[in-house]
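Enquirer: In the numbering used here, the protein residues as written are 14 to 680.
Ideal Cβ placement from N, Cα and C applies to all residues, glycine included.
(1) Please state the DSSP three-state secondary structure of residue 285.
(2) Pull up the CB-CB distance for residue 276 and residue 238, whole angstroms please, since I reckon it's below 8 Å.
(3) By Cβ distance below 6 Å, which residues in the same chain neighbour residue 347 in space, the five residues on each side in sequence not counted?
(4) Once you ignore the five residues that flank residue 199 on each side, which residues in its own chain have a CB closer than 7 Å to its CB?
(5) I need the straight-line Cα distance from residue 595 to residue 550, nearest angstrom please.
(6) Which term fits residue 172, buried or exposed, when burial requires 16 or more other beta carbons within 10 angstroms of its beta carbon?
(7) Looking at residue 524 and residue 618, is the spacing between their C-beta atoms short of 7 Å?
(8) What are the start and end residues of each continuous alpha helix (DSSP H) run of 4 or more residues lying completely inside the region 97 to 140, in chain order?
(9) Around the Cβ of residue 409, are there at least 16 other Cβ atoms within 10 angstroms (buried) or fewer (exposed)?
(10) Sort 440, 484 and 674 by Cα distance to residue 74 and report the nearest one.
(11) Provide the residue span of the beta strand (DSSP E) that contains residue 351, from first to last.
(12) Pick from 191, 59 and 155: whose alpha carbon is nearest that of residue 412?
(13) Please go through the region 193 to 252 and give each complete alpha helix (DSSP H) segment of 4 or more residues, from N-terminal end onward.
(14) I'd like the ranges of any alpha helix (DSSP H) spanning at least 4 consecutive residues and lying wholly in the region 520 to 582.
(15) Could you tell me which residues DSSP puts in a beta bridge with residue 366?
(16) Since residue 547 and residue 160 are thought to touch, with beta carbons under 8 Å apart, how far apart are those beta carbons, to the nearest angstrom?
(17) Could you give the residue range of the alpha helix (DSSP H) that holds residue 638?
(18) Using the C-alpha atoms, what's the distance from residue 236 back to residue 272?
(19) Counting Cβ pairs closer than 8 Å, one from the region 209 to 219 and one from the region 413 to 431, do we hit at least three?
(20) Would you check if the region 471 to 482 and the region 122 to 136 touch, i.e. whether three or more CB-CB distances between them fall below 8 Å?
(21) Here's a check: name, in chain order, each residue in its chain whose Cβ is nearer than 6 Å to the Cβ of residue 451, leaving out the five neighbours to either side.
(22) Compute the distance between the beta-carbons of residue 105 and residue 138, then report whether it is under 7 Å.
(23) Considering only the beta carbon of each residue, do residue 577 and residue 608 sit closer than 7 Å?
(24) From residue 280 to residue 566, what distance separates their C-alpha atoms?
(25) Is the region 358 to 367 touching the region 145 to 164 in the sense that three or more CB pairs, one from each, lie closer than 8 Å?
(26) Leaving aside the five residues before and after residue 442 along the sequence, list all residues of the same chain whose C-beta is less than 7 Å from its C-beta, in chain order.
(27) Determine the DSSP secondary structure at residue 599, reduced to helix, strand or coil.
(28) Ignore the nearest five residues each way along the sequence and tell me which others in residue 571's own chain have a CB closer than 6 Å to its CB.
(29) In chain order, what residues of the same chain lie with their CB nearer than 6 Å to the CB of residue 683, ignoring the 5 residues before and after it?
(30) I need the DSSP call for residue 592, collapsed to helix, strand or coil.
(31) Give me, in chain order, the residues of the same chain whose beta-carbon lies closer than 7 Å to that of residue 426; leave out the 5 immediate sequence neighbours on both sides.
(32) Under 7 Å, do residue 351 and residue 286 count as touching if we go by C-beta distance?
(33) Is residue 282 closer than 7 Å to residue 355 when the C-beta atoms are compared?
(34) May I ask you to report which of helix, strand or coil DSSP gives residue 71?
(35) Between residue 600 and residue 580, which are expected to be in contact by the criterion C-beta below 8 Å, what is the C-beta distance as a whole number of angstroms?
(36) Tell me which residue opens and which closes the alpha helix (DSSP H) that residue 418 is part of.
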């Protein structure tokens with residue numbers, strides 16, 4: 014087997030433990046709990062950039078300052094082939110084509126790399142890549158979960174909303190507010206309704222919600238509210254406020270009463286399908302149909318008066334009836350245009366529950382936030398009889414206020430994590446006492462203040478990150494640096510990373526020439542489903558057509574898992590996955606050798622090589638390496654490849670390339 018490796022993959026990628034206390038990002042200091050003086054709860058103040066040399070970006074200045082303090086040397090840059098492959102997977106989740114690689118290598122303009130970055134940020138595939146990251150955090154699924162796991166045929170519209178929002182570079186503060194209260198912030202706008210799919214895309218206990226026992230229904234509802242509060246506060250603020258459901262938070266300054274103030278803010282949120290046809294449009298259609306009916310009635314009366322059906326009147330009546338039928342049909346289709354989103358429900362008083370028990374109500378609370386968050390008032394100024402509209406609007410504005418220091422810190426940390434494999438704060442959903450400490454706190458705050466200054470543009474922050482020398486550095490292993498900082502918390506090199514499950518599948522489709530590039534719309538269903546009291550989903554390996562779309566368009570039902578994606582650590586959609594698990598198991602090797610999808614893509618890959626490179630084996634091998642690794646093979650690899658083809662055929666070589674570390678990892 015061809016196995017070109019420049020670094021010890023397993024040793025590097027298994028090492029994801031918390032950094033030792035001697036290095037930044039280590040465990041919390043010994044203490045009982047955090048107070049309001051915790052690092053993440055401090056106001057956001059633009060830090061002073063270390064004295065960077067001309068031409069050095071502020072990001073590199075912060076990184077180099079820590080490297081110097083740790084006794085480490087600046088890293089060496091990566092070559093162009095490595096850079097375009099790394100950038101393409103990070104921004105698009107797909108490999109570069111041989112032509113894109115060749116064009117970039119041949120582009121001698123001083124801003125060639127920046128031009129490449131801008132082109133990728135403008136690609137429609139960018140939104141597909143980054144929506145999938147957000148779906149991990151949002152626990153996105155298209156079925157209810159629990160024992161019945163009912164199907165949600167309209168949930169995909171939220172996925173498409175995410176893709177469009179990332180592609181359009183929607184300001185992040187607006188992006189957050191829309192997902193909490195888009196339907197009330199933009200009344201009559203279908204996109205506002207769709208965006209609220211964030212709150213309800215988690216699991217839903219249909220059986221529990223319909224129990225005869227009111228006491229048990231109350232418990233199930235409180236479980237649901239804990240999920241809502243936990244997802245909202247962890248996603249946008251990295252606060253584990255849900256830990257205060259039964260008592261004051263044991264580690265962070267969040268009293269139990271404040272947890273229930275958050276519950277009160279979301280108390281009107283219910284799951285369900287909503288009509289997203291604009292009300293003004295429906296009324297206009299109804300008015301038009303009524304006017305036509307008046308004309309029909311008048312003509313009918315005239316005909317009845319003379320007892321003779323005038324041919325002209327007959328034709329007009331027939332035409333008007335056709336037009337009414339069309340309007341009614343359009344109205345019927347409009348009513349069928351639905352999305353799975355927040356269905357506002359009635360809200361009543363919210364009580365603190367002793368030990369989280371609905372049967373033990375304590376004092377009443379009004380909607381509000383967490384007082385320990387500085388800069389923004391935790392009291393929303395609402396009564397306990399306030400409407401769902403007012404509650405969610407206030408919550409959305411409190412979360413996204415630029416004076417809220419957690420809001421900007423959390424999202425730039427997520428961006429950093431997805432570009433380097435690990436965040437400046439390692440625990441992306443927990444900036445509290447039990448979470449990690451920032452390895453570069455000044456850099457984190459600099460990025461957060463830049464995000465606000467750049468009007469919440471995520472693409473601009475990503476451009477800063479990927480254009481830095483830190484991002485563009487080599488992944489070469491330095492033994493002395495590895496001894497000093499074995500987890501690479503100081504970023505003395507670019508850590509090699511394995512492709513996520515979806516990118517691995519999409520890359521096989523891409524290099525085999527089988528990827529269906531269509532964007533948006535209902536997802537493909539790689540399962541057979543039927544109902545026998547419970548909804549069942551049987552995994553199937555369907556072939557061709559819509560089943561060759563990108564994995565982000567898979568229908569993500571909770572009990573209908575995909576064996577190939579699962580074995581490569583695709584997360585359970587029932588849970589939040591701020592950072593994916595990384596395992597290395599024999600099952601992964603077995604899947605890449607024997608899975609029916611892999612075998613089929615190996616055959617398609619071989620057919621593409623024969624079609625595009627012609628009958629000459631040397632050209633076929635060269636194209637295979639360019640497609641799979643974004644580089645040409647060396648003489649030894651050509652010879653080994655020819656031996657494999659001579660013994661086992663061209664599809665066998667393609668399967669060998671799929672099994673190489675260089676295919677599955679990005680350095």
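Expert: Checking against the coordinates, here is how it stands:
(1) Strand, per DSSP.
(2) Residue 276 to residue 238, Cβ: 5 Å. Contact.
(3) Residue confidence for residue 347 is low, a pLDDT of 44 falling below 50, so the modelled location carries little weight; the figure read from the coordinates is stated next. The residues are 290.
(4) 205
(5) 26 Å
(6) buried
(7) yes
(8) 111 to 119 and 125 to 134
(9) Residue 409 should be labelled buried.
(10) 484
(11) 351 to 355
(12) 191
(13) 203 to 208, 210 to 213, 219 to 222 and 227 to 250
(14) 576 to 580
(15) 374
(16) 6 Å
(17) 630 to 642
(18) 13 Å
(19) Counting Cβ pairs under 8 Å, fewer than three are found: no touch.
(20) yes
(21) 437, 438 and 457, listed in sequence order.
(22) It is a contact, given that the beta carbons lie within the stated cut-off.
(23) yes
(24) Residue 280 and residue 566 have their C-alpha atoms spaced approximately 31 Å apart.
(25) Judged by Cβ distances under 8 Å, the region 145 to 164 makes no contact with the region 358 to 367, as fewer than three pairs qualify.
(26) 247, 251, 589 and 591
(27) helix
(28) 154, 156, 158, 162, 586 and 587
(29) It is not possible to answer for residue 683, since the shown part of the chain is limited to 14 through 680.
(30) Reduced to three states, the DSSP call for residue 592 is coil.
(31) 436, 437, 438, 441 and 457
(32) With respect to residue 286, residue 351 sits close: the two C-beta atoms are nearer than 7 Å.
(33) yes
(34) helix
(35) 5 Å
(36) 418 to 433
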